[in-house]
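2 protein chains.
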Amino acid sequence: MEQEIKIPTTRNGKATFNAIVESAIDLFYKQGYHDTTIGNITTQAGIGAGTFYLYFPNKLALYKYILMELQHDIRRRIAEKVASVHGRYEKEKVGIETFIQYALDYPYSYNIIWESLYIDKKLFIDYYDGFAKRYERGLKQSIIDGEMYDVDTELVSYILMGVANFVGLKVLLNLGRDNDDLSSIVDNVMKIIRTGIFK
Amino acid sequence: MEQEIKIPTTRNGKATFNAIVESAIDLFYKQGYHDTTIGNITTQAGIGAGTFYLYFPNKLALYKYILMELQHDIRRRIAEKVASVHGRYEKEKVGIETFIQYALDYPYSYNIIWESLYIDKKLFIDYYDGFAKRYERGLKQSIIDGEMYDVDTELVSYILMGVANFVGLKVLLNLGRDNDDLSSIVDNVMKIIRTGIFK
DNA sequence: CTATAATATGAACAACCATTCAGTTTATGA
DNA sequence: TCATAAACTGAATGGTTGTTCATATTATAG
């Protein structure tokens, strides 16, 4: 059912493989998954149409490969940054900031991840479910440490993902005003998360 | 550039038009926009392939029509419910609850709205930008009334949309645990928005 | 009842696209 | 250098889909 990706062994093969992946990322971002043809990808990569099938059984397998790479990349980056600061408040702040900065550095990432909902719903569910479960661990520890109220950690995971995703969306698509200074945006977000919005 | 939708005049014509729209909603939800063919829609609607083109110039125009209908429907419903209670806290609570309840009642709505990002990015931007601008008006008034801290209303709009969307996603896709009692989920969300999460 | 407009049909056409494959070139290890 | 494996090619194939159109049916106003 699930065919395999063939990882090349030679230097040339690796270059071709990378050219396919890079072209696909660019095209999936610019035209979306469904409007991107194998022909588009191979042309942009500067290779023959048949060469694609040396490495990938089909377009879906290529998309899954890219999604997994992205997922690992984002998680690793957030984990590194978060580990470098102390206290849940600081960790939360750095987590949100890193997430949004990642979206700004790699604007295609947002598009490609969200599009999974329309390519294979299971991919989307696994992505956010996995993200939430990682989140929960940190939150649970913070409650034990007395830094956080005794909240429903699972619900808070989704709330914080929602906040990061939609503020990121605003910044990325430049919706509304004041999207220049990321650091000040994150400060504002944290202030709201810290104290709530109602008097 | 933008061709017109033809609204039928007779009773039979209206029935056919509705059958097309209902079939399309069902299929866009189940298989996604791109995997739904005009043939699928006309077959499910029980009409000939050519009949589709009596009313819609192409698939995109049909999608836009459905998206606009949905947008009006959601906004109207939220506006009605929110108008029936007093105080910003209660309004916010009812707004989030109505939004999630709508997603549960019409599970296709989520899919179809988010998919706009992959059909025509402008549709997506207009949708959320419009939603945020409406939100802001209410928040500004609440600050004047002294019910809310002097927050960045635009930022808070996106934060609250993010919360509602991701908690809605969790409930709709049944991610994690405890998705049965919507009322208690909303209570928890409100508690967190009210007081923040950090001690 | 009848003329006319509205509605409906589905075969036919043309464009597009994923995938295969027989043959060619290139790299590499011995 | 040379044998072998890896990498590469692009024309050809077959299936799918959006859209048109000549023709047919149905509804309705007068």
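Which chain is which? The protein sequence lines are A and B, in order. Per my numbering, the very first residue in the first sequence carries number 1; after that it's consecutive. Per my numbering, the very first residue in the second sequence carries number 1; after that it's consecutive. C-beta atoms are modelled at their ideal positions from N, C-alpha and C, and glycine is treated no differently.
Classification of residue i by the beta-carbon crowding that lies within 10 angstroms, buried from 16 upward
i, result
"A/SER157", "buried"
"B/LYS140", "exposed"
"B/ASN111", "buried"
"B/GLU4", "exposed"
"A/LYS170", "buried"
"B/GLN101", "buried"
"B/ASN165", "buried"
"A/ALA15", "exposed"
"A/ILE7", "exposed"
"A/ARG88", "buried"
"B/GLU90", "exposed"
Within-8 Å CB hit, residue i to chain A
i, result
"B/LEU62", "no"
"B/VAL189", "yes"
"B/ALA132", "yes"
"B/LYS140", "no"
"B/ASN18", "no"
"B/LYS93", "no"
"B/ASN58", "no"
"B/ARG75", "no"
"B/LEU182", "no"
"B/GLY176", "yes"
8 Å Cβ cutoff, residue i in contact with chain B
i, result
"A/LYS170", "yes"
"A/GLU69", "no"
"A/TYR135", "no"
"A/VAL85", "no"
"A/MET1", "Note that A/MET1 scores 40 on pLDDT, short of 50, meaning its location in the model is unreliable and no value can be drawn from it."
Range covered by the alpha helix (DSSP H) that runs through residue i
i, result
"B/PHE17", "11-31"
"B/HIS72", "59-83"
"B/ASP187", "182-195"
"B/GLY176", "It is not in any alpha helix (DSSP H) - B/GLY176 carries neither H nor E in the DSSP assignment."
"B/SER142", "121-144"
"B/VAL163", "153-172"
"A/ASP105", "88-105"
"B/THR42", "38-45"
"A/GLU147", "A/GLU147 -> no alpha helix (DSSP H), and no H or E assigned at all."
"A/SER109", "108-115"
"A/PHE52", "52-55"
Beta-carbon proximity list for residue i, same chain, < 8 Å, skipping 5 on both sides
i, result
"B/GLY149", "Strictly speaking, residue 149 of chain B in this sequence is Tyr, with Gly absent from that position. Within the same chain, B/TYR149 has close Cβ partners ILE143."
"A/MET1", "Caution is warranted here: a pLDDT of 40 is assigned to A/MET1, below 50, making its placement in the model unreliable, and the coordinate value is therefore given only provisionally. Cβ within range, chain order: n/a, list empty."
"B/ARG134", "ARG75"
"B/ILE119", "TYR33, LEU60 and TYR63"
"A/ILE47", "THR16, ALA19 and ILE20"
Cβ neighbours of residue i in the same chain (closer than 6 Å, five flanking residues each side left out)
i, result
"B/VAL94", "LYS81, VAL82 and VAL85"
"B/LYS30", "none"
Sequence-distant residues of its chain with Cβ nearer than 7 Å to residue i (five each side left out)
i, result
"A/SER23", "ILE41, GLN44 and ALA45"
"B/GLY13", "none"
Heavy atom of the ligand ADP within 7 Å of residue i beta-carbon
i, result
"A/THR10", "The model depicted lacks the ligand ADP and carries no ligand whatsoever."
> According to a CB-to-CB cut-off of less than 8 Å, which residues of the region 97-111 of chain A neighbour chain B?
Replying inline: ASN111
> Name the residues in the region 24-53 of chain B whose C-beta lies less than 9 Å from a C-beta of chain A; which are they?
Replying inline: GLY32, TYR33, HIS34 and ASP35
>> Counting only Cβ-Cβ distances shorter than 9 Å, please list the residues of the region 148-160 of chain A near chain B, keeping chain order.
In response: MET148, TYR149, VAL151, ASP152, GLU154, LEU155, VAL156, SER157, TYR158, ILE159 and LEU160
> Any residues in the region 112-127 of chain B with a beta carbon nearer than 7 Å to a beta carbon of chain A? Which ones, in chain order?
Replying inline: TRP114, GLU115, LEU117, TYR118 and ILE125
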